[in-house]
Amino acid sequence: VLVPMADGLWVLDGLAGGEDHPPRLVVPADAVDGAILDARLSADGTRVGFVAGDEVHVADVDLDGDAPRAVTAGAAATGRTNGLAEYVAQEEMGRSEGFWFSPDGAHLAFCEVDETHIPVYRIVHQGSDEVGAGAQEDHRYPFAGAANALVRVGVVPTDGSGAASPAWLDLDASDIGADRYVARVDWVDDQAAVVQLQSRDQRRLDIVRYDVSTARDGSVPGTLLWTEVSETWINLHDVLRPLPDGSLLWASERTGFRHLEVREADGGLRRVLTAGPWVVTDVVGVGAGTVWFRSTGASPLERHIHRVGLDAGPVEQLTAEAGVHGAVAHPETDAWVHTTSMPGAPPR
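Residue numbers for the sequence shown, in my numbering: 1122 to 1469.
Following this line, the structure appears as structure tokens:
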């Protein structure tokens, strides 16, 4: 478990086996210039990534206090950032991350954000006791209808060898145009990532696959898998999951209600898993051939836990009491942790 503290990044080992180990300091705060932001472990737990001084850094967890290495370069002191989500992504799209480890931890995808063309907007703190710089702050704020940040996505090795020469994903594999949003980035295997690109009017979402092994001359070509369209707007979600056979779990609102489906590796629709006049709100787990999810099936005022087989078997509701239910499902068994909240009773 990663524990960020004021003096650096600490790790607690052995929790899965019930072992009692003292915490270890893996990245001291003074090992980098600037504050440590958005620290996260790789999926295999061997590396920790974070942003400091506008660049992404990686450290090996098994080396206590070892100097972290910068895996990106070129952004510091330029008005650009590497590895941080821009304002619009955080506030409007629900994407707080700006970098993503591959499953094996060998590569890292990151967003380069350029806001240098956006005018500075000064916020004055009218109630401050200070005057001058202490009573104001400046931000490059993207006003409605004005310019947004320019965002591109690169991939680098986590050993630091490619910091100066990322492989840039060809976002023009989608013809949405340059005025687009990088809505989501998900690795689907050790060498491939899927990027969701949304049009600025939010009525179109392109799902594009990039295979890092196909990079040529610093560019990774993309393959458009499928497109979601809406006459109003596309609701973004975090349902996309790679499945063991290479297919993808997805959720679509093309019927007017968000429902689960399985897509082939090439984007073709394999099967629909859920249907009806209700909404799948989120997926709480995938494993052992089963999808665990929450929905409004019982009532739009409630959230219940359901499961359905990836082979499109019957949908089973697992909770009955009126209220809002939550769950964390074990990835390999039928075990799950259940939480619930309801009027008139404390959460449990």
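For glycine and all other residues, C-beta sits at the position ideal for the given N, C-alpha and C.
- The C-beta distance from Pro1149 to Asp1128 rounds to 7 angstroms, short enough to fall under 8 angstroms.
- Contact annotation, Ala1230 with Ala1152: C-beta distance approximately 24 angstroms; criterion of less than 8 angstroms not satisfied.
- If you ignore the 5 residues before and after Thr1440, its C-beta comes within less than 6 angstroms of the C-beta of His1425, Ile1426 and His1446, all in its own chain and listed in chain order.
- Nearest to Ser1416 by C-alpha distance, out of Val1436, Val1407 and Gly1430, is Val1436.
- Close CB contacts of Ala1270 within its chain, under the 6 angstroms cut and outside five residues either way in sequence, are with Glu1207, Val1234 and Glu1236 (chain order).
- With 16 or more other Cβ atoms from the protein chains shown falling within 10 Å of its own Cβ, Pro1263 counts as buried.
- Measuring C-alpha to C-alpha distances from Gly1298 to each of Pro1421, Arg1325, Val1333 and Val1276 identifies Arg1325 as the nearest.
- Of Glu1349, Gln1312, Ala1433 and His1228, the smallest CA-CA separation from Ser1334 is found for Gln1312.
- By the criterion of at least three beta-carbon pairs nearer than 8 angstroms, the region 1188-1202 is in contact with the region 1274-1292.
- Around the Cβ of Pro1143, a 10 Å sphere holds fewer than 16 other Cβ atoms; the residue is exposed.
- Note that the C-beta distance between Ala1450 and Gly1408 is below 8 angstroms.
- Ala1180 sits away from Ile1157, with the two beta carbons spaced by 8 angstroms or more.
- The alpha-carbon of Leu1346 is positioned some 56 angstroms away from that of Asp1250.
- Taking C-beta separations shorter than 6 angstroms and ignoring five residues to either side along the sequence, the partners of Ser1351 in its chain run Arg1324, following chain order.
- Counting of Cβ neighbours within 10 angstroms places Tyr1331 among the buried residues, the total reaching 16 or more.
- Look at Val1445 here: in three-state DSSP terms it is strand.
- Within a 10 Å sphere around the beta-carbon of Ile1239 sit 16 or more other beta-carbons, which makes this residue buried.
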